[in-house]
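Taking it in order: structure first as structure tokens, then the write-up.
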Amino acid sequence: MNRALHAVVSYLRSAPGTYVWLLILFVTTIALHQMSPEFERAFLGRRSTNIHELSTHPVRVLIQSAMYIDGGGWVSYAVLYTVFHAQAERWLGTLRWLAVAVLAHVLASFISEGALLWAIHHDRAPDSAVNTLDVGVSYALAGVVAVLTYRIARPWRWVYLAGVLAVFAPPLFTDRTFTDLGHFASVLIGLACYPLTRGIGGPPWNPLSLLTPLRRYAPGNRRRNTERP
């Protein structure tokens, strides 16, 4: 038990930014669950990166909107943060990882809301859309998912990238919402962060390395091991 606990603590300490952020989301999620639906919507509305709030309090809402989850449970985000954010932070270091997340969150927010503003001005969206609720951490997550492309060895890198595009590109043609545009923009921003990945030590990760333990215990290898003096 002590060994397992030490391993868990060591892993959490290897990605401090990821798990501090996840802890904040845990606290704010519990707080939201204590609110009535009407109060929660008004509360999140003041922390939304919508057109109105971005034009009046941009810095405040860009920070606050990344501290709440809009849709989806905290547990699912804990899994996603561990799979993607923690891996990126361990690979890039906290400062570079945070730079990717912030760039994706901020730039995608302005891009998506800019597109919505264009739609309002051209009568393709109602004027009330300036107050659309838009909070959450998905833009930052999409950017980090994309930058991890450079962590993977070729040719698996292209397989991973194809999977990322298969997830984020189709909604641009099916749902066509401003958040779908924001998610796809986040992916492009994450890919554009390639310069931040330069100079990182260690070889790219090869998915075939996951098979190494299986090879070690393959029948032929096990027999050869037992035949050694």
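First residue of the sequence shown? That's 1 in our numbering, and the numbers climb one at a time after it.
Yeah, the Cβ is synthetic: ideal placement off N, Cα and C, and Gly gets one too.
Q | Distance, Val102 Cα to Ile230 Cα | A | Not covered by the structure: residue 230. The range shown for the chain is 1 to 229.
Q) When we look at the beta-carbon of Val75 and count the other beta-carbons within 10 Å, is it buried (16 or more) or exposed? A) exposed
Q. Secondary structure at Ile238, three-state DSSP: helix, strand or coil?
A. Outside the shown range of the chain (1 to 229) lies residue 238, about which nothing can therefore be said.
(Q) Is the separation between the beta-carbon of Val187 and that of Val164 shorter than 8 Å? (A) yes
Q: Check whether the Cβ atoms of Ser112 and Leu62 lie closer than 8 Å to each other.
A: no
Q.
Are the CB atoms of Asp134 and Thr82 within a distance shorter than 8 Å?
A. no
Q: Out of Pro207, Met67, Ala146, state which residue places its alpha-carbon closest to the alpha-carbon of Tyr19.
A: Met67
Q: With a threshold of 16 other CB atoms inside 10 Å of the CB of Ser65, please say whether the residue is buried or exposed.
A: buried
Q) Based on Cα-Cα distance, which residue from Thr174, Leu161, His52 lies nearest to Leu191? A) Leu161
**Q.** From Phe178, Trp91, His105, Arg154, residue whose alpha carbon lies closest to that of Arg124
**A.** Phe178
**Q.** Neighbourhood of Asp127 by C-beta distance below 8 Å, restricted to the same chain and skipping five residues each side
**A.** Ile120
Q | Simplified DSSP state of Asp24, which is helix, strand or coil | A | Here residue 24 turns out to be Ile, not Asp, going by the sequence shown. Helix at Ile24.
Q.
Going by DSSP, what residue range makes up the alpha helix (DSSP H) through His121?
A. 94–121
Q. Identify the residues that DSSP records as bridge partners of Trp205: which are they?
A. Ile152
Q: Taking only the alpha-carbon atoms, compute the straight-line gap between Gly114 and Ile51 and give it to the nearest angstrom.
A: 8 Å
Q. Quick one: is Phe173 buried, meaning 16 or more other Cβ sit within 10 Å of its Cβ, or exposed?
A. exposed
Q | Simplified DSSP assignment, three categories, for Ile189 | A | helix
Q. Where Arg46 and Glu38 are concerned, what is the direct C-alpha to C-alpha distance, given to the nearest angstrom?
A. 13 Å
Q | Neighbourhood of Tyr194 by C-beta distance below 7 Å, restricted to the same chain and skipping five residues each side | A | Tyr150
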